[in-house]
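One structure below.
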Amino acid sequence: MSSPSPPPSPPPNDHVLRTTKKNWWLRMVSHTLCVLVGQTTATLLGRLYYNKGGKSIWLTSLAETIGFPILVPFYLYFKPITDRPSTASNTSNPPSVMIISAIYISLGALQSVTSILYSVGLFYLPLSTFSLICTTQLAFNAFFAFFLNAQKLTPLIINSLVLLTISTVLLVLESDSEETQAGVSRKRNLKLGFACTLVASVLYSLGLSLTQLSFQKVLKGETFTMVLNMIIYQSLVASTVTIIALFVSGQWHNLHVDMASFGLGKIMYIVIMVCIAISWQIATIGGVGLIFEVSSLFSNVINTLALPIIPILAVIIFHEKMNGMKVIATVLAIWGFASYVYQHYLDDHGNDLVVDEGFET
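Read in numbering that gives the first Met the number 0, the sequence shown has 171 at position 172, and its numbers run on one by one without any break.
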């Protein structure tokens, strides 16, 4: 009599996998909301500051990074939970303090320069034009991600980059038409704002790819504390660099004049600056979280999603003009964003098929 065949090996725990995926999507939604709400609020408040007589570019750039102390309580709360010793952490050699410090200092200095350039662009450009130029972040990030993060360039992603490039070209043409109706000083300011915003988009995209590279190659702990470390120390360095630049330039002497001449009063001046700082930190948490969960390119896509929304809000809130060229540029930017999101959906759907096939085997 033949012995009974051994029972088949149990299939993977489908419930655990589904729960893990559900938690991942919850984190994705929360990070995405942080980016959209934080960036949109901060940008609109920055435009309000300039519209009501504010003139300190250094102060608005400092507000983008100075709000990091609000993250310290979260760091102290999550550190004992996420930093428990594990087998993976014991078998790998942690990076040295010098290497980690070099990463934080480099990314922080890059963030400071980026913030200053963005503030210059927002000061000289209409909010709608500024936001649409910022959509080029996605194209630049795809370029850097291809070389630094081994990101594949699929036809849909390439289509997205082409659409965003065309959108930017239309804005250049629209800017040229505005210059023909402006004086010499206005022309110079428009060109300066356009150039600073475009360079800032390049540096911002480079910073995202370098952040992802740091998580992949150096900071391999993959804990939420690592994310908070990156934000806090990077923001500390960026704030320090901006404060030094503020004092070296001598602009700090004019801050009391800037506050006194603000159209909404001194109290609202302080309130707006505090809200800008908090909003940028919320957006930063979401952005770094998306890099941690997916990739720098996807983080930039979500960041880009808010940018076509801002011109519409600028028309409603600040009564900015929205001519036909800007409307077409906005539609192309949204189309380019949708193209990349659909590519990510296909990638995620393909991963689900692989998991389902694993259950069947």
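Where a beta carbon is used, it is the ideal one built from N, C-alpha and C, also for glycine.
*Roughly how far, in whole angstroms, is the beta-carbon of V226 from the beta-carbon of F297, given that I think they are within contact range, below 8 Å?*
Locating residue 226 in the sequence shown gives position 227, where the first residue counts as 1. Locating residue 297 in the sequence shown gives position 298, where the first residue counts as 1. That belief does not hold up - the Cβ atoms of V226 and F297 are roughly 15 Å apart, past 8 Å.
*asked:* Helix, strand or coil for N302? Go by DSSP, reduced to three states.
replied: The count along the sequence shown starts at 1 and reaches residue 302 at position 303. Helix.
*Identify, in the order they occur along the chain, each residue of the same chain with its Cβ nearer than 6 Å to the Cβ of I115, setting aside the five sequence neighbours on each side.*
As a first step, residue 115 is located in the sequence shown; it is residue number 116 there, counting from the start. Around I115: S60.
*asked:* Could you tell me the alpha carbon to alpha carbon distance between L218 and V314, rounded to whole angstroms?
replied: In the sequence shown, residue 218 corresponds to position 219, counting from 1. In the sequence shown, residue 314 corresponds to position 315, counting from 1. Distance between the alpha carbons of L218 and V314: 43 Å.
_For Y123 and I277, I'd like the C-alpha separation in whole angstroms._
As a first step, residue 123 must be located in the sequence shown, where it is residue number 124. As a first step, residue 277 must be located in the sequence shown, where it is residue number 278. Taking the straight line from one Cα to the other gives about 24 Å.
*Under the rule that 16 or more other beta-carbon atoms within 10 Å means buried, what is Y344, buried or exposed?*
Working through the sequence shown from its first residue, we reach residue 344 at position 345. Per the 10 Å Cβ criterion, exposed.
_Of the residues Y339, T128, P94, the one placed nearest T168, counting alpha carbons only_ = Position 169 of the sequence shown, counted from the first residue, corresponds to residue 168. Residue identity differs from the one stated: residue 168 is Val in this sequence, not Thr. Here the closest residue by C-alpha is T128.
_Report the CB separation of T42 from I132 in whole angstroms; it is logged as a contact under 8 Å._
Within the sequence shown, residue 42 is the residue found at index 43, counting from 1. Within the sequence shown, residue 132 is the residue found at index 133, counting from 1. About 12 Å separates the two Cβ atoms, so there is no contact after all.
*Report the three-state DSSP secondary structure of Q150 (helix, strand or coil).*
Taking the first residue of the sequence shown as 1, we reach residue 150 at position 151. Three-state DSSP puts Q150 in coil, outside helix and strand.
*Are there 16 or more other CB atoms within 10 angstroms of the CB of N22, so buried, or fewer, so exposed?*
Here the question's residue 22 lines up with position 23 in the sequence shown. Classification for N22: exposed.
*Express the C-alpha separation of F145 and V340 in angstroms, rounding to a whole number.*
Taking the first residue of the sequence shown as 1, we reach residue 340 at position 341. Taking the first residue of the sequence shown as 1, we reach residue 145 at position 146. For V340 and F145, the distance between alpha carbons rounds to 17 Å.
_Here's the rule I'm using: 16 or more other beta-carbon atoms within 10 Å means buried, otherwise exposed. How should N140 be labelled?_
Your numbering for residue 140 matches position 141 in the sequence shown. Label assigned to N140: buried.
_If you reduce the DSSP assignment to three classes, tell me which class V112 lands in._
Position 113 of the sequence shown holds residue 112. When secondary structure is reduced to three states using DSSP, V112 falls in the helix class.
*asked:* On the CB-based measure, 16 or more other CB atoms within 10 Å of its CB, does F214 come out buried or exposed?
replied: Your numbering for residue 214 matches position 215 in the sequence shown. When all chains shown are included, F214 counts as buried.
*Work out the CA separation of R46 and V119 for me, nearest whole Å.*
The residue given as residue 119 occupies position 120 in the sequence shown. The residue given as residue 46 occupies position 47 in the sequence shown. Whole-angstrom Cα-Cα distance: 12 Å.
*What's the call for Y76, buried or exposed, on a 16-neighbour Cβ count within 10 Å?*
Indexing the sequence shown from 1 puts residue 76 at position 77. That one is exposed.
*To the nearest angstrom, report how far apart V201 and M229 are at their CA atoms.*
Here residue 201 refers to the residue found at position 202 when the sequence shown is read from its first residue. Here residue 229 refers to the residue found at position 230 when the sequence shown is read from its first residue. Using only the alpha carbons, I get a separation of about 20 Å.
_Coil, strand or helix - H318 by DSSP_ = Indexing the sequence shown from 1 puts residue 318 at position 319. H318 falls in the coil class under three-state DSSP.
*Collapsed DSSP secondary structure at L196 in the structure displayed*: Numbered from its first residue, the sequence shown carries residue 196 at position 197. The displayed chain sequence assigns Thr, not Leu, to residue 196. Helix at T196.
*For P93, three-class secondary structure by DSSP*: Looking up residue 93 in the sequence shown gives position 94. Note: P93 maps to coil in three-state DSSP.
_Under 7 Å: does the beta carbon of Y76 sit that close to some heavy atom of the ligand SAM?_
This structure simply doesn't include the ligand SAM, nor any ligand for that matter.
*What number of angstroms, rounded off, separates the C-alpha of G335 from the C-alpha of V256?*
Taking the first residue of the sequence shown as 1, we reach residue 335 at position 336. Taking the first residue of the sequence shown as 1, we reach residue 256 at position 257. Going by the C-alpha atoms only, they are around 43 Å apart.
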